[in-house]
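Peer 1: Per the UniProt record's numbering, the sequence shown runs over residues 1 to 303.
Yeah, the Cβ is synthetic: ideal placement off N, Cα and C, and Gly gets one too.
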Amino acid sequence: MTEYEYLPFSGWRLTKDGQQITINNIAIFKEGLTNEQLVTIGAALKDYLLSLEEEKAGLPELSEEELDRRFEDWKTRSRIMDVPQSYDTGAVYKYMSDIALSHWLAGRAQISPVSVYRQMENAFARDEQEGLGAFYLHDGRTAAYFAAGAGVNCGVMCFTGASPSENRAEMKGKFGERIVRFPDTYALLQVIARHLDVVDFELKDVQYSDVKVYSHETAIASEIADLIIGKDDGSLDPKGLVTLFDKHSEELLKLAELPSVFCKPKSFEGEAERRAVFRFRHSVNSSIVVTDKRISELIEVIE
């Protein structure tokens, strides 16, 4: 049974069996949109939400020229994301401080909720858009655009798929001078997962775009329009949202997770992040430390 809660300035929070999504905005269209149109809509929503945040923070209002320049820059640095590449073999790398390395060598690994990255003290690593994204569903007759917050049941661990010969100075400046190689990443994730109450885990490449949108063709697009749009005045029907999530929560959660968890703004592209995601049966609200001596046996210190 889906639980429903309206959050002022955030949207509609839907929870079912411990899985959760927050719908910030919904738009229904009677015809399909081009990729360029999707990016433009995403940039407009991003501009609106960011302006609200800037107003709440008491920041000075930007001029029309500055707003237009920011908007066009976002569009230039954006594309519709693909299905991320998944891995179950191969090596990854991680840059870290001496203190962080000491924990790994002691057999301790930490996974964190996506929300942690929105508040990191390290400004170079902080990403205020973590856990936020948009997905666009279409079936040839009807299309639905959702801006949503997702991935709250995910614990993440960040690596890079790039060898130390690539972006070395940038990565050291962001994350620390020590470089570690994990020759069998999947074995490492299996060790960690055995200590956790997880549904599953995956290792995927992160994609980079200032506007985070995933497009998907599905037969439920027309059903969505029928369920959530009021028959009389065209307003959104909260009861329809609940029915929608009751029927299609699994598909909607998977679709929302892609842009929310596996897409980051273009400024992070140099990280070439390969991200491990552990999916729990409940929300992850704080970091989790796993201790197992086998963890220390699955790393190689390069520097």
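When you compare each of Glu271, Cys154 and Tyr136 to Ala148 by their alpha carbons, which one comes out closest?
Peer 2: Tyr136
Peer 1: Of the choices Glu65, Asp127 and Lys16, whose alpha-carbon is the least far from that of Leu244?
Peer 2: Lys16
Peer 1: Just to confirm, is the Cβ distance from Tyr208 to Glu269 under 9 Å?
Peer 2: yes
Peer 1: Mind listing, in chain order, the continuous beta strand (DSSP E) runs of no fewer than 3 residues lying wholly within the region 173-222?
Peer 2: 178-182, 198-205 and 213-217
Peer 1: Mind reading off the beta-carbon distance from Ser296 to Leu203? Whole number of angstroms is fine, and I expect it under 8 Å.
Peer 2: Ser296 to Leu203, Cβ: 20 Å. No contact.
Peer 1: How would you label Met171, buried or exposed, when you count the other beta carbons within 10 angstroms and need 16 or more for buried?
Peer 2: buried
Peer 1: Does the beta-carbon distance from Val211 to Trp104 come in below 9 Å?
Peer 2: no
Peer 1: What is the DSSP secondary structure of Lys239, reduced to helix, strand or coil?
Peer 2: helix
Peer 1: When the distance is taken between beta carbons, is Ser10 closer than 9 Å to Thr22?
Peer 2: Pairing Thr22 with Ser10 gives a Cβ-Cβ distance under 9 Å.
Peer 1: Since Gly42 is in the alpha helix (DSSP H), which residue starts that stretch and which ends it?
Peer 2: Asn35 to Lys56
Peer 1: Sorted by chain position, which residues of the same chain lie with C-beta nearer than 7 Å to Pro259's C-beta, five sequence neighbours on each side aside?
Peer 2: Met81, Gly133, Ala134, Phe135, Lys212, Val213 and Tyr214
Peer 1: Note down, one range per segment and in chain order, each beta strand (DSSP E) of at least 3 residues found wholly within the region 67-152.
Peer 2: 92-96, 108-113, 132-138 and 143-149
Peer 1: Going by beta-carbon coordinates alone, are Ala221 and Ile111 separated by less than 9 Å?
Peer 2: Here Ala221 is not near Ile111, since their CB atoms are 9 Å or more apart.
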